[in-house]
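The next block holds one structure in the form of structure tokens; read it before the comments.
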Amino acid sequence: MDIACNTDKARRPALRAWASPAICYASALAIPFGILVATFALLGIYPFGDVSVMMHDMPVQYADYFGWLIQVMHGEGNLLYSNAAGLGGGMFSLFTYYLSSPFNLLAWFYTPETVPQLLSWLTLLKIPACAAACLGFLRGRFLAPEAATWREARALAAAAPTTSQGALVLLSCAYALSSYVLGYASNIMWLDGVIMAPCALLGVWRLMQRHACAGLFAAAAGAIWFNWYTGYMVCLLCVLYFLYELARRTELRGRRLRTCGRFAAVMALAVGAGIPVLLPTALSLLGGKGAHAGLASLAFETGLARNPLAVPDLFGIGTTPGITTQANRPAVVISAFALVGAGAFFANKAIAGRDRVAGGVLAGFMLASLVLPPLTTIWAGFVPESSYTNRNGFAILLVLVMLAAESLLALRRLPARTAGVRAAVGGGIVLAAFAVSAAFLRFVKHALPQKDELVLLECILLASFTVLIAALALVGKAAKGDQQALVSPAKRTDAPKAATYALCALLVAAFVGEQAFDAQAQLRKCIHTVSGYAEDLTSLEDTYSTLSAGQDGFVRVGNTSAYWSNGRKGGGKDNGSDNMALMLAYSTFDHYSSTQESRIQELLRNLGYSKVTPFGTYYMSPNTVADALLGVTNIIDDGQPAAAQADGSAVPRGSWRPWRNELALPLGWGTAGTVQVNWSDDPFANQAAMLADAAGLDESAAESLFTAPDVRDADELEGAAGASADDVSRQFAITAQTDGPLLLFFPTLYLDDIYYEGGIACSLSVDGTNVQTIGRRGSCNIVYAGTVSAGQTVTVKLTPANTAQVTYHNDGSTTTVDEALYQPSAEEVVKAQVLDVSSLQNQLSRIDSDGFALSAYENGRIAATFTADRDETLVISQPYEDGWTATVNGQPVELQAAYDGLMGIPVQTGDNVVELRYLTPGLIPGAVVGIASVTLFAVWRIAARRRSMSHDGE
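Okay, so the sequence shown: first residue is 16 according to our numbering, each after it adds one.
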């Protein structure tokens, strides 16, 4: 019996070592999951209703990427290239930014139509994982800081007081349920950074504490592989955290240089292990959005992002992030429990003054990025943010949670009364800071982002958590199982366990209620439906699959119909295209991505399709000349485009009907021209110059393509009725001099602004019929206004979306509606041209296109035969990228960027067998460096372990 009892007692520590962490991790997973499930059920979000978790960019951008990934997983796509990424484009950088998370392996079990369901489950999986990862860091750092081995750390953490372990669980859940995670959940790829950041910081701590390097290496490399963008931020955070701990640890004196060297070596090798992702992505982005990256971007904005007094208010409950940079409202809301704990860090005398100063410097540096734009730009990879401000928000919140954890656990080292007072002081400081910030915004700036009741609620929460933490500090030490403080027991008053349990229950209840309230506030923006996405994808597939193919079966579509998330509100796609064609493998202009090659964007801008933005390319209106040159075989529009015929075999897309473009050139055509154009700001002149060069004609041919009609204000016409006093629109009378398609362009409204959003947004109507919205990020385009006859007068009406609109420019200047729409002359606002269709047809006939025969049009491979009339350049109307190589009759030839955005191949007179292949630049060298880095790290650590074992043996 005694033996059995002794055996049982011996087993208890081991059992506790396993059970205690298991309970904590289970709680860290269960609390966020339960709150999310309840919120989903309350809001009718799938799987509890038809509402989709998709919001912001997710329905028009990321969802379609997941559909493409599903196709790739099932062998129906190419990971490196897609002909359906707009007019075609490399996909590896898109994959590494949006889709490389290991969680996405779950996509194998879904279809493109069920992507909204997949995204709900990914959200329900990733957010609890954020809490579990954060808990792992907090337990390893604060419950077993001096442990020399993993087993020792586990045992020490398991033996920690229950209240301490519970506090860390709640702080981890606060991190996982912050507004960065929920409010920016549409950027689901960033959640991998939220997960990996605490893992990496734990790796830094273990490296400094017991020279363990594998954890940091794996976490940093994994962060890069899973999402290189947040991986960069994680690596930057690791450097800051290392310096923070280095400043605190006085025992490292004399060994700091060696510790720094070890840290630098591990980080360098971890980055090297991520080079297979980083190098190809960097080379790709240098031709896209990353072309604007660099130190010069730090001068992009020199003022303050906000008044420092406004910062505390950003953390208030219910504050939803402003997605655009104009809204300038980052996602940094976190539980008042964590804020009170962080405030107590600076009032807690159990923490050494040196450590509090170091913590203040770290927290101050992190919070400074909310005020100083250059710091924000550094965190964003030296690229100015175009949306989703302060993308490093998760790093800011993790630092606050870390300080809160140390502070709350350190309260146990103080006498009970002192601990309570210090907790109250810390919470009071936070409450006062928030109240002053809210009052400043409410009464001075008159720009409080929340409702007054939310400010009051945050004040109540801060006060409540302050009281609860202070009360627990007073009575919690006497609870059974807790360690005693470092003071005489005689000086302490025992408190009943019931009081501690009651306070803990109140604290947990307040925390759960707070997080549930904020979760529904953040997710209430989910308005799109699961069924609507599937129905629209099916509708688009029905239309695309029935289109009449062009020569050799080639299909390229110009689609003006609304994408699904705006279509449900009766809008168009002027604020962003979608990527559904990517899933359906059809070449279109619409591609909404931050990773698109900039050269094709610039070409399309020069030809009058859309402006250059980080938001991709668009097709808003038939563009007759450019459509012919770029091989647009089919147009989907609600009116008949010029020189197009109805496609009777195709299924209409609502009110948008399919049309066959009779003027479209094949994918490849030959020209003896220079394949270069001196581009100007006039898209009509650009089109005429490109067409004339392709046809081998001189400038006179370019001049004959368009005829300018007479443009004047409508009230200048005899007998015209004047506008009413409250009418903010401006009307123009356009009188054609010749017959043909009327095309409109609005240079004073199509402005480049620092936010990439567009110029001055206006609704455009022609003869009383609404045509489209112009001036937004996707609608700075040539507009087809119908076919006119000589002498016919057309009335064009422009109505600004908001007369208070202001466009901000890089040089600090601004443009108002008055300056863009009302002050300029009619000819300056409306640039109109009437196209001579016969001249267009004549010039197109001079282009050598009859001898082109497409034999293969695959993702990353194009094969064709071309019978050239002369030695000339074969232009392939596929975007030029550095990864393409070409052979003619089996011999390598040098590709050139024809017209600065297409592919040009030199060919000789007669028959030519042409083949083009694409390989992501930097992929093979990156793989070599990655393998070498992993190998070098392994050899280093094995050698170090053997030396350690040899030393121990001696």
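We treat Cβ as the ideally placed atom computed from N, Cα and C, and that holds for glycine.
Checking 8 Å against the spacing of the C-beta atoms, do residue i and residue j come in under that value?
i	j	result
I651	T575	yes
G375	R614	no
C188	P47	yes
F107	T935	yes
G711	G683	no
A144	I60	no
L850	V570	no
L153	A162	no
A353	A419	yes
A703	G774	no
S135	Y548	no
S12	A462	The chain is shown from 16 up to 969; residue 12 falls before or after that span and cannot be answered.
What's the C-alpha gap between residue i and residue j?
i	j	result
F480	I38	24 Å
Y601	V572	7 Å
R156	M248	21 Å
E260	R221	11 Å
G585	W671	Unreliable positioning characterises G585 in this predicted model, as indicated by a pLDDT of 35, which lies under 50. The coordinate reading is nonetheless provided below. Rounded to the nearest angstrom, the two C-alpha atoms are 14 Å apart.
L255	V184	24 Å
I891	A871	13 Å
G305	A517	Low local confidence applies: a pLDDT of 48 at G305 is under 50, so the model's placement there is unreliable, and no value is given.
D713	T722	17 Å
G801	Y96	37 Å
T763	P724	18 Å
A410	S864	56 Å
Q535	N693	54 Å
A510	Q180	Bear in mind that a pLDDT of 47 at A510, under 50, signals an unreliable position, so the model cannot answer this.
K506	R432	Since pLDDT at K506 reaches only 46, below the 50 mark, its modelled position is unreliable, and no value is offered.
F532	L57	11 Å
W899	L300	16 Å
T138	L538	12 Å
L779	Y799	11 Å
L84	T784	41 Å
R861	A709	8 Å
R956	C228	8 Å
Q499	L158	Unreliable positioning characterises Q499 in this predicted model, as indicated by a pLDDT of 44, which lies under 50. The coordinate reading is nonetheless provided below. C-alpha separation (whole angstroms): 15 Å.
S854	G237	59 Å
I939	A912	24 Å
Since residue i contacts residue j with CB under 8 Å, what's their CB separation in whole angstroms?
i	j	result
D728	F699	Not really, about 22 Å apart at Cβ, beyond 8 Å.
P681	P656	Rounded, the Cβ-Cβ distance is 19 Å, inconsistent with contact.
E887	G685	5 Å
H543	M204	Not quite, the Cβ-Cβ distance comes to about 19 Å (not below 8 Å), so this is no contact.
N98	N874	6 Å
V811	V845	6 Å
Flag residue i as yes if its beta-carbon sits less than 8 Å from any beta-carbon of chain D, otherwise no.
i	result
T830	Considering every chain present, this structure includes no chain D. It has just one protein chain.
So the candidates are the options; which of them puts its Cα closest to the Cα of residue i?
i	options	result
L619	D605, T610 and S609	D605
P756	G396, L720, G237 and D730	L720
A454	E128, T902, V440 and L469	L469
V944	A283, Y40 and V570	A283
R427	R745, D370, Q923 and A175	A175
P388	F352, N322 and I338	N322
A100	Q838, S609 and D754	S609
P291	N242, P399 and G866	N242
L429	L413, A879, V490 and Y199	V490
I355	C795, E843 and V440	The residue you asked about is not Ile; residue 355 is Val in the sequence shown. Of the candidates C795, E843 and V440, the one whose C-alpha sits nearest the C-alpha of V355 is V440.
A200	R675, K141 and N825	K141
Q923	L555, Q906 and A147	Q906
Which runs of the beta strand (DSSP E), 3 residues or longer, sit entirely within the stretch 836-914?
846-850, 867-873, 876-883, 887-894, 899-903, 906-908 and 911-913
Fully enclosed by the stretch 127-184, which alpha helix (DSSP H) runs are 4 residues long or longer?
130-153 and 165-174
In chain order, each alpha helix (DSSP H) run of at least 4 residues that lies wholly inside the stretch 71-135:
78-88 and 107-113
Within the stretch 373-454, ranges of the alpha helix (DSSP H) (whole runs, at least 4 residues):
388-394, 408-425 and 431-454
Uninterrupted alpha helix (DSSP H) stretches inside the stretch 320-379 (no shorter than 4 residues):
351-360
In chain order, each beta strand (DSSP E) run of at least 3 residues that lies wholly inside the stretch 199-254
none
Which parts of the stretch 698-782 are runs of the beta strand (DSSP E), unbroken and 3 residues or longer, counting only runs that do not cross its ends?
725-728, 745-750, 755-760 and 773-781
Inside the stretch 785-829 only - beta strand (DSSP E) runs reaching at least 3 residues
798-803, 808-815 and 821-823
Quick check for students: name the residue ranges of the beta strand (DSSP E) that lie wholly in the stretch 607-676, counting only runs of 3 or more.
649-652, 659-661 and 672-676
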